[in-house]
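Peer 1: Following this message is one structure expressed as structure tokens.
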Amino acid sequence: MAKKQRTAIEPTRSEDYAEWYQQIVRVAELAENSDVRGCMVIKPWGYAIWENIQKVLDKMFKAEGVKNAYFPLFIPKSYFEKEAEHVDGFAKECAVVTHSRLEDDGQGGLQVGGQLTEPYIVRPTSETIIGASFSKWVNSYRDLPLLINQWANVVRWELRTRLFLRTAEFLWQEGHTVHASRDEAEAETRLMLDVYAKFAEEYLAVPVIKGEKSEGERFPGAVATYSIEAMMQDKKALQAGTSHFLGQNFAKSSEIKYQNKDSEYEYAWTTSWGVSTRLIGALIMAHSDDNGLVLPPKIAPAHIAIIPIAKNEEDRQEILAYIEKITEGLKDKRFDGKEIIVEIDDSDATSGEKSWKWIKKGMPIRLEIGKRDMEANSVFMGRRDLDPRDKKTLRWDEFVASVDEILEDIQNNIFNKAVSFREENSVQIDNQEDFYKFFTPENKKKPEIHGGFAFAHWCGSVECEEKIKEDLKVTIRNIPFEVNAEEGKCICCGKTSKQRVVFSKSY
RNA sequence: CGGGGUGUAGCGCAGUCCGGUUAGCGCACUGGUUUUGGGAACCAGGUGUCGGAGGUUCGAAUCCUCUCACCCCGACCA
């Protein structure tokens, strides 16, 4: 029997997935808990990933004609009350501001004072406050479509939080658009979902399933909610982005009206769509392994870690000069249209330690360069998509010349791995017994990683959806757009069904 | 918010049941020496309101009460 190789992360995914996830976040220095309940501190390496997500998405939004703006953090309670379903959906998780100042209590402490006449809600999402502005901005059909996005933080007072996946405060973008017709608004909703799917697959290397949410899973106040769903390595689904068609619900509650060509007033049609720092959670759980984070090169804060290996100061200087020659060469290279970012790790740690540090942080390429490599005009390269010990020697100029192809190859490799994983754990199920078996862990006390995506027929009733949720804690992730229309029988009640939907346990 | 668990140095933990020198160990950290191609070795050193508040006691990390935070399972949740 082969000796088990030591892994950088303990426990491993199969030993304790939840703990493994937390270890990745800690060891890769992405984020940590703060003293504020449920709120995280995003550390530089994690924040740099978010900045890259922002950069790419921002460009994609702008390419669709969307412009950025910024709206207040606070929402008057009365705004919130205008849309009944909306308030129902968020009421239980709102932070409320009721006072405006702190006063000396005479005992070295502070007490709150200055009670506000109307409480403010710290935004859990901004439909209502943005709607208030939109009602002023939209007067004529000539003002439409209005395509606005804001990058912001929002607060949802979650009772159970997990770093990146669900935190009380999180960073996100929320797009809000206004249209003259239903068709146009619906098309916009779908267009932005496509943008998210493209971003998830091409940049995060996370394959996703696009589809519509069932009624029960819809955004409060929306007419239709579309999502992209990704499979994590514990075979659970993670909703990575949503796009909502809001119909005229919010236009009516916020009085967003315009005059059409016939001089008649009409309520506009609105959409909203968002992705958050949760994408970083998706990134972690889709790709990382038992040695740490694995970052797709297109979203990594840096691409290459160069680790000089020197026996003495004299060698060190020579090696650094050699490295400089390589980094000079890299300056002219582009990957995904952007500069290639190099981290030279000239710290005191030993070479092994440094190498492992960058493995854990998910750096796509490591170059270990000692005197031997220098004399041979070569570099010793390790790739994060391969085993840590699987390294090879390349001529330095060949490396520089092909670095973009190598990064591209890593990106594709990571994506393909995720696709295969999803395929291997996706099944079509046509009878109830198999369905229940698929989602039942063998060890109930300590459930092992099990299940996956089950494509099964569903009659469309809330009752069946609820029953399955009750019995198995499995929900309909979405009703995929891209699935062959075929008739079948509901996995739950046996009634006629028009198409298959994705069932899975989820985050 | 319900059930269970855990809080002791930056990280991981022992000590708590059964109160008793100066609160310990490994890793990390600082200085030094030797090292350096795969997570270095040795020597020396620093580090703690024992999560917090109150109580019991001659004496509390340890017992009691309250409280806060985190983790797991639920409930809830774009």
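First residue of the first sequence? That's 413 in the working numbering, and the numbers climb one at a time after it. Positions of the beta carbon are idealized from the N, C-alpha and C atoms, including for glycine. Everything numeric in this text was worked out from a predicted model, so none of it was measured.
Given V478, which residues of its chain have a CB within under 8 Å of its CB, disregarding the five upstream and five downstream residues?
Peer 2: Here residue 478 is taken as the residue at index 66 of the first sequence, counted from 1. These residues qualify, in order along the chain: L559, I560, N561, G587, T589.
Peer 1: Going by Cα to Cα distance, which pick from Q585, E613, T510 is closest to K829?
Peer 2: Residue mapping note: residue 829 aligns to position 417 of the first sequence, counting from 1. Ranking Q585, E613, T510 by Cα distance to K829 puts E613 first.
Peer 1: Thinking C-alpha only, which one of G628, E894, F915 is nearest I903?
Peer 2: The residue labelled residue 903 in the question sits at position 491 within the first sequence. Considering only alpha carbons, the answer is F915.
Peer 1: Classify T529 as buried or exposed, calling it buried when 16 or more other Cβ atoms lie within 10 Å of its own Cβ.
Peer 2: Stepping through the first sequence from its first residue, residue 529 is reached at position 117. Exposed, since its Cβ has fewer than 16 Cβ neighbours within 10 Å.
Peer 1: Contact check, T689 vs F582 under 8 Å by CB: the rounded distance?
Peer 2: Numbered from its first residue, the first sequence carries residue 689 at position 277. Numbered from its first residue, the first sequence carries residue 582 at position 170. Correct: roughly 5 Å between the Cβ atoms.
Peer 1: Less than 7 Å between C-beta atoms, sequence neighbours within five positions excluded: which residues of the same chain meet that for R807?
Peer 2: Here residue 807 corresponds to residue number 395 of the first sequence, with the count starting at 1. Only N789, S790 meet the Cβ criterion.
Peer 1: Out of K610, F486, K917, S918, state which residue places its alpha-carbon closest to the alpha-carbon of A564.
Peer 2: The residue labelled residue 564 in the question sits at position 152 within the first sequence. It is F486.
Peer 1: Quick one: is S446 buried, meaning 16 or more other Cβ sit within 10 Å of its Cβ, or exposed?
Peer 2: For the purposes of this step, residue 446 is taken as residue 34 along the first sequence, with counting starting at 1. Under this definition S446 is an exposed residue.
Peer 1: CB-CB under 7 Å to L616, same chain, minus the five flanking residues each way: which ones, in chain order?
Peer 2: As a first step, residue 616 is located in the first sequence; it is residue number 204 there, counting from the start. Closer than 7 Å at Cβ, skipping near neighbours: L691, A694, L695, P708, I711.
Peer 1: Between which two residues does the beta strand (DSSP E) containing I822 stretch?
Peer 2: Within the first sequence, the letter at position 410 stands for residue 822. Looking at the DSSP string, I822 is not in any beta strand (DSSP E); the run it does join, the alpha helix (DSSP H), is 808 to 836.
Peer 1: Excluding the 5 residues flanking D646 on each side, which residues of the same chain have their C-beta closer than 7 Å to its C-beta?
Peer 2: As a working mapping, residue 646 is identified with position 234 in the first sequence. Excluding residues within five positions, the ones whose Cβ falls inside 7 Å are Y429, I861.
Peer 1: Hey, would you say A443 sits closer than 7 Å to I454, going by beta carbons?
Peer 2: Here residue 443 refers to the residue found at position 31 of the first sequence. Here residue 454 refers to the residue found at position 42 of the first sequence. Against a cut-off of 7 Å, the Cβ pair of I454 and A443 comes out as a contact.
Peer 1: If the criterion is Cβ atoms closer than 7 Å, does the pair Y433 and L650 meet it?
Peer 2: Numbered from its first residue, the first sequence carries residue 433 at position 21. Numbered from its first residue, the first sequence carries residue 650 at position 238. Against a cut-off of 7 Å, the Cβ pair of L650 and Y433 comes out as no contact.
Peer 1: Which residue wins for smallest C-alpha separation from P892, given the options E875, A866, K885, L884?
Peer 2: Taking the first residue of the first sequence as position 1, residue 892 is located at position 480. Closest by alpha carbon: A866.
Peer 1: Tell me, to the nearest whole angstrom, how far the beta carbon of S639 is from that of G659; I am working on the premise that it is less than 8 Å.
Peer 2: Translated into positions along the first sequence, residue 639 becomes position 227. Translated into positions along the first sequence, residue 659 becomes position 247. No, S639 and G659 are not in contact; Cβ-Cβ is about 18 Å, not under 8 Å.
Peer 1: For S873, which option in E676, G741, R578, E629 has the closest C-alpha, if you only look at C-alpha atoms?
Peer 2: Your numbering for residue 873 matches position 461 in the first sequence. Cα-wise, what sits closest to S873 is E629.
Peer 1: Between the stretch 671 to 678 and the stretch 570 to 577, are three or more C-beta pairs nearer than 8 Å?
Peer 2: Not touching, per the Cβ criterion.
Peer 1: In this structure, what does DSSP give as the bridge partners for R513?
Peer 2: Indexing the first sequence from 1 puts residue 513 at position 101. Paired residues: G525.
Peer 1: With respect to 6 Å, is the separation between the Cβ of E614 and the closest non-hydrogen atom of the ligand PLP below this value?
Peer 2: Absence of the ligand PLP from the depicted structure is noted, as is the absence of any ligand whatsoever, leaving it without description.
Peer 1: Check F792 in the structure and name its three-state DSSP category.
Peer 2: The residue given as residue 792 occupies position 380 in the first sequence. Of the three classes helix, strand and coil, the one that applies to F792 here is strand, per DSSP.
Peer 1: Could you tell me the boundaries of the beta strand (DSSP E) in which N890 lies?
Peer 2: The sequence position of residue 890 within the first sequence is 478, counting from 1. Where N890 is concerned, the enclosing beta strand (DSSP E) stretches over 887 to 892.
Peer 1: Determine the direct distance from the alpha carbon of K917 to that of K885, and round the result to whole angstroms.
Peer 2: As a working mapping, residue 885 is identified with position 473 in the first sequence. As a working mapping, residue 917 is identified with position 505 in the first sequence. Spanning the two alpha carbons is a distance of roughly 6 Å.
Peer 1: Please state the DSSP three-state secondary structure of K416.
Peer 2: To locate residue 416, count along the first sequence from 1; it is residue 4. Low confidence applies to K416: its pLDDT is 46, below 50, so where it sits in the model is not reliable, and the reading given next is rough at best. K416 falls in the coil class under three-state DSSP.
Peer 1: With a Cβ-Cβ cutoff of 7 Å, do M604 and W685 count as a contact?
Peer 2: For the purposes of this step, residue 604 is taken as the residue at position 192 of the first sequence. For the purposes of this step, residue 685 is taken as the residue at position 273 of the first sequence. Cβ distance < 7 Å, so M604 and W685 count as in contact.
Peer 1: Mind pulling the beta strand (DSSP E) runs of 3 or more residues that sit fully within the stretch 586 to 654?
Peer 2: List check, beta strand (DSSP E) in window: 620 to 624, 636 to 643.
Peer 1: A897: buried (16+ other C-beta within 10 angstroms of its C-beta) or exposed?
Peer 2: Counting from one through the first sequence, the residue named residue 897 turns up at place 485. With fewer than 16 Cβ atoms within 10 Å of its Cβ, A897 is classed as exposed.
Peer 1: Less than 7 Å between C-beta atoms, sequence neighbours within five positions excluded: which residues of the same chain meet that for P632?
Peer 2: As a working note, residue 632 is residue 220 in the first sequence. For P632, where only same-chain residues beyond five positions count, the Cβ hits under 7 Å are E497, H498, D500, G501, F502.
Peer 1: Would you report the Cα separation of I421 and W770, rounded to the nearest angstrom?
Peer 2: Counting from 1 along the first sequence, the entry for residue 421 is found at position 9. Counting from 1 along the first sequence, the entry for residue 770 is found at position 358. So the two alpha carbons sit approximately 13 Å from each other.
Peer 1: Could you tell me how far apart the beta carbons of W584 and V566 are, in whole angstroms, since I believe they sit closer than 8 Å?
Peer 2: Sequence index remark: in the first sequence, residue 584 carries index 172 (1-based). Sequence index remark: in the first sequence, residue 566 carries index 154 (1-based). Correct: roughly 6 Å between the Cβ atoms.
Peer 1: Of the residues S552, G704, P484, which one's Cα is nearest the Cα of A592?
Peer 2: As a first step, residue 592 is located in the first sequence; it is residue number 180 there, counting from the start. The candidate whose alpha carbon is nearest that of A592 is S552.
Peer 1: Apply the 10 Å Cβ neighbour rule to A440 and answer buried if 16 or more other Cβ atoms are within range, or exposed otherwise.
Peer 2: Numbered from its first residue, the first sequence carries residue 440 at position 28. Under this definition A440 is a buried residue.
Peer 1: With DSSP as the reference, identify every bridge partner of A694, one or two as the case may be.
Peer 2: Position 282 of the first sequence, counted from the first residue, corresponds to residue 694. For A694, which the question treats as bridged, DSSP gives no partner whatsoever.
Peer 1: Could you please give me the residues that DSSP links to E444 through a beta bridge?
Peer 2: Within the first sequence, residue 444 is the residue found at index 32, counting from 1. E444 pairs with V453.
Peer 1: Assess, as a yes-or-no matter, whether the stretch 771 to 781 is touched by the stretch 789 to 805 under the definition of 3 or more beta carbon pairs within less than 8 Å.
Peer 2: Judged by Cβ distances under 8 Å, the stretch 789 to 805 makes contact with the stretch 771 to 781, as three or more pairs qualify.
Peer 1: Looking at N703: is its Cβ nearer than 7 Å to the Cβ of T419?
Peer 2: Here residue 703 refers to the residue found at position 291 when the first sequence is read from its first residue. Here residue 419 refers to the residue found at position 7 when the first sequence is read from its first residue. For N703 and T419, yes; Cβs fall inside 7 Å.
Peer 1: Given K625, which residues of its chain have a CB within under 6 Å of its CB, disregarding the five upstream and five downstream residues?
Peer 2: Residue 625 sits at position 213 when you count from the first residue of the first sequence. Same-chain partners within the cutoff: T637, S639, N890.
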